[in-house]
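Under our numbering, residues 6 to 133 are what the sequence shown spells out, in order. Every residue gets a Cβ at the ideal spot worked out from N, C-alpha and C, and that includes glycine. For reference, the structure discussed in these notes is given below.
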Amino acid sequence: MKKIPSLILLWIILLSVSCEKDKDPVLSDYVIGEWKTPTMYTLSTLPAWFEIEISSAKYSLLKTNGTNSVAWPNKTYSVSNANKTITIKTLEVDPSDIIYKVTLTEDPGMMIWTSDEEGGETFIWEKQ
Numbered sequence: 006m007k008k009i010p011s012l013i014l015l016w017i018i019l020l021s022v023s024c025e026k027d028k029d030p031v032l033s034d035y036v037i038g039e040w041k042t043p044t045m046y047t048l049s050t051l052p053a054w055f056e057i058e059i060s061s062a063k064y065s066l067l068k069t070n071g072t073n074s075v076a077w078p079n080k081t082y083s084v085s086n087a088n089k090t091i092t093i094k095t096l097e098v099d100p101s102d103i104i105y106k107v108t109l110t111e112d113p114g115m116m117i118w119t120s121d122e123e124g125g126e127t128f129i130w131e132k133q
């Protein structure tokens, strides 16, 4: 008879731990997928948007204005779950790392990347 209250208590604890886990997703899992920015202006007065596809080891980026596009496929990245950052290789011939602070919003289909780099862009990504 004492086992029943113990099992109920154990079930409640496991349920509450499961709910807490859902509130704080692991960044390395969260970023995987296809994302798109709203229209933005970068380095010119022409509107454009970015599309990124992130897998478990690589990302591919596309910048387009609907007519012309530039793509950077199969670039590497890493994620720091503890620091909530994503580090990507730049799009230059001589690659260097850019670290973006990732902010997860209340909307599970959105994340914001910000950089402390001079002239760094802020990207608002929406999951596709």
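Check, Outcome
"Report the rounded CA-to-CA distance for Asn79 versus Lys63, giving the unit in angstroms.", "5 Å"
"Could you tell me which uninterrupted beta strand (DSSP E) segments, each at least 3 residues in length, are contained entirely in the region 67 to 106, listed from first to last along the chain?", "74 to 85, 90 to 94"
"Assuming Trp54 and Lys132 form a contact by the criterion Cβ under 8 Å, report the distance between their Cβ atoms to the nearest whole angstrom.", "That pair is no contact at about 14 Å."
"Identify every residue that forms a DSSP beta bridge with Ile129.", "Ile117"
"Write down the C-beta distance between Ile37 and Ile57 rounded to the nearest angstrom, noting that I regard them as a contact closer than 8 Å.", "Between Ile57 and Ile37 the Cβ distance is about 11 Å, and since that is not below 8 Å, they are no contact."
"If I measure Cβ to Cβ from Pro2 and keep anything under 8 Å in the same chain, skipping five residues before and after, which residues do I get?", "The requested residue 2 does not occur in the structure, where the chain is confined to residues 6 to 133."
"Taking DSSP's pairing of strands, which residues face Gly38 in a bridge?", "Ile59"
"Excluding five sequence neighbours on each side, which residues of the same chain lie with their C-beta closer than 7 Å to the C-beta of Gly114?", "Glu131, Lys132"
"What does DSSP give as the partner residue(s) for Leu109 in the beta ladder?", "Met116"
"Using only alpha-carbon positions, find the residue among Glu111, Ala76, Ile117, Gly124 that is nearest to Ile91.", "Ile117"
"Report all residues from its chain with a CB closer than 8 Å to the CB of Ser65; omit the five preceding and five following residues, and keep chain order.", "Ile57, Glu58, Ala76, Trp77, Pro78, Asn79, Lys80"
"Could you give the distance in angstroms between the alpha-carbon of Thr110 and the alpha-carbon of Lys89?", "13 Å"
"If we ignore side chains and look at the alpha-carbon of each, how far apart do Glu126 and Ser120 end up?", "7 Å"
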